[in-house]
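Report on the structure given below.
Protein chains in written order, with my numbering: chain B, 21 to 455; chain V, 21 to 455.
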């Protein structure tokens with residue numbers, strides 16, 4: 021078992037997060053509880069700043085906010101000078117409510133709705149990642165109507181596959197995202213963007229995958245994108261302004277994961293891009309990357325209260341907790357693996373092989389299959405690590421379970437950034453209607 | 021393609037639901053939109069009434085409300101004299117707000133929290149499905165404190181496996197639910213319930229699986245449960261009051277599914293139970309079943325607006341819609357299959373092999389892989405069938421997509437029973453907090 025963040029510590033048999041005792045958080049805010057170490061989050065955003073923004077001029081890391089979108093995270097992010105990528109008008113709306121600069125918002129998506137494009141453009145968003153031909157027409161039409169010019173970065177599928185579960189694969193040829201590079205589709209798209217009077221063709225984007233553990237994936241993709249950039253120059257006489265290398269920055273969920281360091285990826289792609297453009301006599305474009313999970317994944321620790329248990333002779337021992345697939349769909353959706361400890365028995369031996377079940381009424385609601393844990397009793401607090409990305413953002417009210425609160429911790433203190441839902445919230449959208 | 025409900029019709033090239041034109045619903049309420057045929061729902065609840073309650077005395081079908089829980093459905097359900105099963109205090113709270121009789125609520129779950137048990141018992145819920153040893157202690161303690169006596173039906177895993185995706189398998193030996201029957205665990209549990217002064221040992225419960233297409237699963241389980249009932253009589257001298265045969269009543273999602281008729285299952289289990297108890301000289305207990313999907317699954321049709329498309333040479337054609345895994349997690353979670361049509365081109369030939377992608381920023385967000393559809397253009401309305409169960413109830417705000425509205429249709433009219441979320445709703449729970 022590893023804590024997966026230096027901002028968690030074990031002292032006197034107890035787990036602490038940013039020097040706040042886990043059991044105190046559980047008592048104060050209830051369980052299940054999403055705890056996010058603001059210390060860890062700031063440490064990660066600071067890496068984005070120091071290892072990319074400060075180190076290489078004309079670069080911008082974008083926080084991929086689908087991993088964790090709420091007012092509080094955008095307020096922290098903007099302190100570090102990073103941009104964000106948003107995948108819907110809803111995400112943009114939350115970012116704007118948090119005071120995020122619309123000029124630093126990059127709008128993504130395979131099916132941006134007309135209403136979303138209009139919302140974005142009306143609210144000062146100027147950077148779009150252009151995904152498909154229909155979108156070029158829509159953006160042109162709406163930008164013209166609103167009398168604005170937007171920057172369009174064209175998303176190209178590099179045909180490079182890397183990392184993660186099959187569900188989170190992108191970049192391969194068979195994907196709903198972007199324009200294919202295995203024929204001349206991407207060149208037609210770029211031509212169409214160049215010809216659109218209200219879209220400024222601004223560059224190219226690729227996304228190689230998720231949870232990438234091999235830097236070669238970036239090497240291959242960036243070499244290909246340098247070639248594509250020169251091809252664009254060769255055909256259209258345009259030197260691209262922006263090269264967006266996408267996301268895929270992994271984290272460790274368990275000791276089996278060997279994620280790349282952020283700086284390893286950044287240094288690698290900066291060298292390839294810088295040298296590649298230099299060799300071809302072109303000005304190096306602005307370089308962007310899109311880490312999401314990397315910024316917040318290991319910051320998250322979900323606290324649960326242990327409840328019932330079940331010992332099935334010769335088969336399996338279950339312990340159940342007070343959350344489940346409602347607050348963590350990744351276990352069942354991606355067969356994702358996690359580390360965990362009993363937070364109030366953190367220095368006891370991990371002597372029990374158990375399966376941690378959620379409380380949802382569904383056999384598949386298993387949070388962790390087969391983990392060595394401390395001996396646990398009802399009322400003990402289970403801490404599951406690395407739940408900061410794609411947990412709150414994917415949470416549901418299945419089984420009418422209220423969503424947990426989200427609490428940030430920092431330097432010995434805590435604050436609630438998203439409150440726990442109540443039973444009344446479960447019918448907040450219901451209407452007593454008649455025909 | 022089949023419509024999967026007789027309450028949907030195709031007229032003049034258009035899909036109608038309860039005689040309401042699908043495109044009119046899309047225009048009036050927006051898309052994506054969960055449309056639920058109240059005609060279909062009433063038809064199904066009426067089957068529960070006529071094929072079970074009216075036909076066999078001392079029986080009670082329970083609507084498994086995790087499939088679709090909201091005020092409106094409980095109000096319809098109660099008109100038919102059925103009970104409901106609830107799997108959380110949240111579900112109970114919604115049912116009670118809808119005016120559902122607490123005496124007809126059966127409380128399920130592998131990890132009922134102390135707070136949930138207290139909530140249920142304080143609000144007049146008297147029937148619990150007892151799942152594990154820890155729960156027996158909790159229920160006894162809380163019932164004693166509240167000075168009430170509750171009915172406890174003991175959930176026993178029959179060791180029979182049937183139907184559905186591996187994730188929705190239950191009843192097998194390796195499950196988080198209930199007491200094992202492959203050793204004497206269930207007898208120890210029954211003894212403990214009998215000895216608990218504030219729990220009235222009321223009977224036994226089994227759940228064989230989900231989406232069961234072979235009546236033999238019920239035959240095996242019920243024969244075993246008749247034997248177990250006699251064993252209970254033999255050992256403890258108690259004739260059980262209730263035998264709950266659980267759920268598993270399937271529906272057709274596509275033409276490949278061959279669900280059992282409700283009456284086939286009911287007639288089969290009633291015959292086995294009646295004859296089995298008669299042969300052993302025991303009074304036949306009250307018989308309960310728990311259909312959920314069966315009541316509401318085929319009633320649901322999700323309407324989407326078609327947006328972008330992508331044609332990847334020699335690989336695949338994608339069309340994208342304005343919803344996705346946020347409103348339908350079953351496609352990615354269970355690899356569930358669906359039928360669909362272009363609602364405003366319903367009589368055009370299904371000449372195009374396409375893959376329907378959702379708009380969530382995730383490669384795995386594919387609603388339907390490889391389906392023959394009518395030629396579609398942006399703005400067309402795609403209708404996906406059989407989305408009434410486990411769709412709204414499992415929906416999320418991933419990508420900060422607002423949840424769709426739910427609309428009921430009936431005899432040519434429509435009404436909104438759950439309103440669409442707004443962008444403001446996306447930050448409704450956010451707190452502007454400081455340390």
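The C-beta atom is built at its ideal place from N, Cα and C for all residues, glycine as well.
Check whether residue i and residue j have beta carbons under 9 angstroms apart
i                      : j                      : result
residue 406 of chain V : residue 321 of chain V : yes
residue 380 of chain V : residue 421 of chain V : yes
residue 394 of chain V : residue 438 of chain V : no
residue 153 of chain V : residue 212 of chain V : yes
residue 373 of chain V : residue 388 of chain V : no
residue 424 of chain B : residue 343 of chain B : yes
residue 86 of chain B  : residue 107 of chain B : yes
residue 150 of chain V : residue 156 of chain V : yes
residue 248 of chain B : residue 206 of chain B : yes
residue 386 of chain V : residue 193 of chain B : no
residue 429 of chain V : residue 27 of chain V  : yes
residue 45 of chain V  : residue 434 of chain V : yes
residue 377 of chain V : residue 196 of chain B : yes
residue 89 of chain B  : residue 115 of chain B : yes
Cut-off 7 angstroms between Cβ atoms - residues of its own chain near residue i, not counting five sequence neighbours on either side
i                      : result
residue 166 of chain B : 141, 142
residue 61 of chain B  : 96, 315, 316, 319
residue 414 of chain B : 349
residue 222 of chain V : 171, 172, 173, 261, 262
residue 400 of chain B : 326, 362, 364, 365
residue 436 of chain B : 49, 425, 427
residue 292 of chain V : 239, 242, 243, 246
residue 383 of chain V : none
Beta carbon proximity, residue i to chain B, threshold 9 angstroms
i                      : result
residue 437 of chain V : yes
residue 378 of chain V : yes
residue 154 of chain V : yes
residue 72 of chain V  : no
residue 107 of chain V : yes
residue 459 of chain V : The structure shown does not extend to residue 459 of chain V, since chain V is modelled only from 21 through 455, so no value can be given for it.
residue 332 of chain V : yes
residue 413 of chain V : yes
residue 508 of chain V : Chain V is shown only over 21 to 455; residue 508 of chain V falls outside these bounds and no answer can be derived.
residue 232 of chain V : no
Residue-chain proximity (residue i, chain V), Cβ-Cβ < 9 angstroms
i                      : result
residue 400 of chain B : no
residue 364 of chain B : no
residue 173 of chain B : no
residue 356 of chain B : no
residue 113 of chain B : yes
residue 381 of chain B : yes
residue 314 of chain B : no
residue 148 of chain B : no
6 angstroms Cβ shell around residue i - same chain, five flanking residues per side excluded
i                      : result
residue 41 of chain V  : 34
residue 309 of chain B : 81, 265
residue 463 of chain B : The structure shown does not extend to residue 463 of chain B, since chain B is modelled only from 21 to 455, so the question has no answer here.
residue 127 of chain B : 106, 140, 145, 148
Beta-carbon proximity list for residue i, same chain, < 8 angstroms, skipping 5 on both sides
i                      : result
residue 188 of chain V : Low per-residue confidence applies at residue 188 of chain V: pLDDT is 45, beneath 50, and the placement is therefore not dependable, though the value from the model is reported in the following sentence. These residues qualify, in order along the chain: 229, 230, 231, 354.
residue 431 of chain V : 38, 39, 59
residue 417 of chain V : 346, 423, 441, 446
Bridge partners - residue i, DSSP secondary structure assignment
i                      : result
residue 435 of chain V : V:428
residue 337 of chain V : V:331
residue 29 of chain B  : B:36
residue 105 of chain V : V:84, V:126
residue 457 of chain B : Residue 457 of chain B lies beyond the range of chain B shown here (21 to 455); nothing can be said about it.
residue 450 of chain V : B:438
residue 175 of chain B : B:225
Worksheet item: What residues in the region 257 to 273 of chain V have a beta carbon less than 7 angstroms from any beta carbon of chain B?
Response: none
Discussion item. Against chain B, which members of the region 156 to 170 of chain V pass a CB distance test of less than 7 angstroms?
Written reply: none
Worksheet item: Of all the residues that make up the region 127 to 141 of chain B, which are near chain V by a beta-carbon distance shorter than 7 angstroms?
Response: 128, 129, 130, 131, 133
Discussion item. Residues of the region 417 to 449 of chain V in Cβ contact with chain B at a cutoff of 7 angstroms, in chain order, please.
Written reply: 418, 419, 420, 421, 422, 430, 433, 435, 436, 437, 438, 439, 441, 443, 446, 447, 449
Practice prompt. Determine which residues of the region 195 to 216 of chain B have a Cβ less than 9 angstroms from any Cβ of chain V, and write them out in chain order.
Written response: 195, 196, 197, 198, 199, 200, 202, 203, 205
Worksheet entry | Interface residues of the region 67 to 94 of chain B facing chain V [CB-CB below 9 angstroms] | 84, 85, 86, 89, 90, 91, 92
Discussion item. What are the residues in the region 334 to 347 of chain B lying within 8 angstroms of chain V by C-beta distance?
Written reply: 335, 336, 338, 340, 341, 342
Discussion item. Counting only Cβ-Cβ distances shorter than 7 angstroms, please list the residues of the region 28 to 61 of chain B near chain V, keeping chain order.
Written reply: none
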